[in-house]
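Heads up, the numbering used here is the position in the sequence shown plus 868, with the first residue counted as 1.
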Amino acid sequence: MSASHAPDPRPSSASDHASAAAPPTGGRLAVVGAGAVGSSVAYAAMLRGSARSIALYDIRAEKVRAEVLDLAHGSPLAGGAEITGGDDVACIAGADVVVITAGAAQAPGQTRLDLAGTNVKILESLMPQLLAQAPDAVFILVTNPCDVLTVAADALAGLPRGRVFASGTVLDTSRLRWRLAERLGVAPRSIHATIIGEHGDSEFPLWSSAHIGQVPLRDWTDGAGAADSLALSREELDRLGREVAGAAYEVIQGKGATNLAIGVAAARIVEAVLRDERAVLPVSSPLTGYHGISGVAMSVPSIVGRGGVERTLEVPMAEDERARLLASADALREVQRSLGL
């Protein structure tokens, strides 16, 4: 299903052209699930020019038609990506990247891991259908708990290593950089700090390698230059880490879902794949021997390109950070064991 448009009878102006978005990146993106998250992924991808073609699929015919029309109506103002979709899975045929957002949503007071059983069952039914339509695609899981679902999807798909992964802590890392920028008065792009581990309660910041520009975060001062003028104490760093880990709960409590920021995060990952950027992003993929961890999917700094996750980077960690990573793996492994994964 694609939306058609009548020609605009008004002449175009220079200002119309000046405000148009850049032409979209080549490649075909499919988004599975037209709920709050899926629609936000498609919207962010359209605005950012992440893909030449965007298809939105959902089994709810009226809902997905409405979302496709709403997106298509704005497409000429946002770079002109082709917007299609519908309730027939064939609408995603030939996709280069498939972003999966379908599944039960996280409710107030519910952890991401609480969703595991329900969403694994949904994925078991869905994955074979997606593979039949887009056998050469890279598959990106956004549905929670994304780490557990990535292990399930990877086993179901049987694709080459790296072709199935999750958005992981890309959004959590953005939250951390935004919060540090706000606290220290520095542009977010100049802050190099990463959240790793489970996309959930056991995630944590990798403080030992965090920098602001070229300055290690733990050496950053308030500008006075004295040794006792360090801007961030260990206690404040711990508090910031907890604040970021719990940020989604605050958003869910207030508006019912997190959708806008994860839409942008997913679009950013899609661009890394379609543009073959080989960008370093903290996405979640099945690990083998990573700091001694195997059999679970967790977020660690990874090179993302046309083949998906092309390499995980075994970054140096302080002893307490490695202990937290192992504990995060244990929490995920316990959930997988309960589900027979």
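All residues carry an ideal CB built from backbone N, CA and C; glycine is no exception.
Under the three-state DSSP convention, the category residue i falls into
{"i": "residue 1070", "result": "coil"}
{"i": "residue 1212", "result": "Look at the range of the chain in this structure, 869 to 1209, and you will see that residue 1212 is not part of it."}
{"i": "residue 1169", "result": "coil"}
{"i": "residue 1149", "result": "strand"}
{"i": "residue 1163", "result": "coil"}
{"i": "residue 1034", "result": "strand"}
{"i": "residue 1131", "result": "helix"}
{"i": "residue 1084", "result": "strand"}
{"i": "residue 1179", "result": "strand"}
{"i": "residue 960", "result": "helix"}
{"i": "residue 1094", "result": "Unreliable positioning characterises residue 1094 in this predicted model, as indicated by a pLDDT of 48, which lies under 50. The coordinate reading is nonetheless provided below. Of the three classes helix, strand and coil, the one that applies to residue 1094 here is coil, per DSSP."}
{"i": "residue 1154", "result": "strand"}
{"i": "residue 1041", "result": "helix"}
{"i": "residue 1126", "result": "coil"}
{"i": "residue 1110", "result": "helix"}
{"i": "residue 1142", "result": "helix"}
{"i": "residue 1024", "result": "helix"}
{"i": "residue 1047", "result": "helix"}
{"i": "residue 1054", "result": "coil"}
{"i": "residue 1029", "result": "coil"}
{"i": "residue 926", "result": "coil"}
{"i": "residue 1004", "result": "coil"}
Of the residues the options, the one placed nearest residue i, counting alpha carbons only
{"i": "residue 1129", "options": "1088, 1181, 1162, 1010", "result": "1010"}
{"i": "residue 1123", "options": "973, 899, 1031, 934", "result": "973"}
{"i": "residue 1177", "options": "1114, 1022, 963", "result": "1022"}
{"i": "residue 1008", "options": "1165, 1205, 1181", "result": "1165"}
{"i": "residue 952", "options": "946, 960, 1155", "result": "960"}
{"i": "residue 926", "options": "899, 944, 940, 912", "result": "899"}
{"i": "residue 813", "options": "1025, 1113, 1086", "result": "The first residue shown for the chain is 869 and the last is 1209, placing residue 813 beyond what the model contains."}
{"i": "residue 814", "options": "1080, 1190, 1043, 1141", "result": "The displayed coordinates of the chain run from 869 to 1209. Any statement about residue 814 would go beyond what the structure contains."}
{"i": "residue 1111", "options": "1200, 914, 1069", "result": "1069"}
{"i": "residue 993", "options": "1006, 1004, 1020", "result": "1020"}
{"i": "residue 1081", "options": "1033, 1059, 1202", "result": "1059"}
{"i": "residue 1117", "options": "955, 976, 915, 945", "result": "976"}
{"i": "residue 1175", "options": "948, 894, 1027", "result": "1027"}
{"i": "residue 1151", "options": "1144, 1145, 1163, 1180", "result": "1180"}
{"i": "residue 1142", "options": "967, 1047, 1044, 1063", "result": "967"}
{"i": "residue 1146", "options": "1137, 1153, 1086", "result": "1137"}
{"i": "residue 1088", "options": "1051, 1201, 1109", "result": "1051"}
{"i": "residue 1033", "options": "1046, 1012, 1044", "result": "1012"}
{"i": "residue 999", "options": "912, 1203, 958, 983", "result": "958"}
{"i": "residue 896", "options": "1030, 939, 965, 906", "result": "965"}
{"i": "residue 922", "options": "928, 929, 954", "result": "954"}
{"i": "residue 997", "options": "1024, 985, 1071", "result": "1024"}
{"i": "residue 1002", "options": "985, 1172, 1047, 1031", "result": "1031"}
Beta-bridge partners of residue i, as assigned by DSSP
{"i": "residue 896", "result": "921"}
{"i": "residue 1065", "result": "1167"}
{"i": "residue 1059", "result": "1080"}
Residue i, enclosing beta strand (DSSP E) - first and last residue
{"i": "residue 954", "result": "950 to 954"}
{"i": "residue 1010", "result": "No beta strand (DSSP E) contains residue 1010, which DSSP labels as neither H nor E."}
{"i": "residue 967", "result": "965 to 968"}
With 16 other Cβ atoms within 10 Å as the buried cut-off, status of residue i
{"i": "residue 1095", "result": "With a pLDDT of 46 at residue 1095, under the threshold of 50, the modelled position of that residue is not reliable, and the figure given next carries that caveat. Flag for residue 1095 reads exposed."}
{"i": "residue 1018", "result": "buried"}
{"i": "residue 1198", "result": "exposed"}
{"i": "residue 1041", "result": "buried"}
{"i": "residue 1083", "result": "exposed"}
{"i": "residue 1015", "result": "buried"}
{"i": "residue 1066", "result": "buried"}
{"i": "residue 1170", "result": "buried"}
{"i": "residue 1196", "result": "buried"}
{"i": "residue 1249", "result": "It is not possible to answer for residue 1249, since the shown part of the chain is limited to 869 through 1209."}
{"i": "residue 1056", "result": "exposed"}
{"i": "residue 944", "result": "exposed"}
{"i": "residue 1140", "result": "buried"}
{"i": "residue 1126", "result": "buried"}
{"i": "residue 903", "result": "buried"}
{"i": "residue 942", "result": "exposed"}
{"i": "residue 1194", "result": "exposed"}
{"i": "residue 1187", "result": "exposed"}
{"i": "residue 1182", "result": "exposed"}
{"i": "residue 1044", "result": "buried"}
Span of the alpha helix (DSSP H), counted from its first residue to its last, around residue i
{"i": "residue 1120", "result": "1115 to 1123"}
{"i": "residue 942", "result": "929 to 942"}
{"i": "residue 1207", "result": "Note, residue 1207: premise wrong, no alpha helix (DSSP H); not H, not E."}
{"i": "residue 988", "result": "984 to 1001"}
{"i": "residue 906", "result": "904 to 916"}
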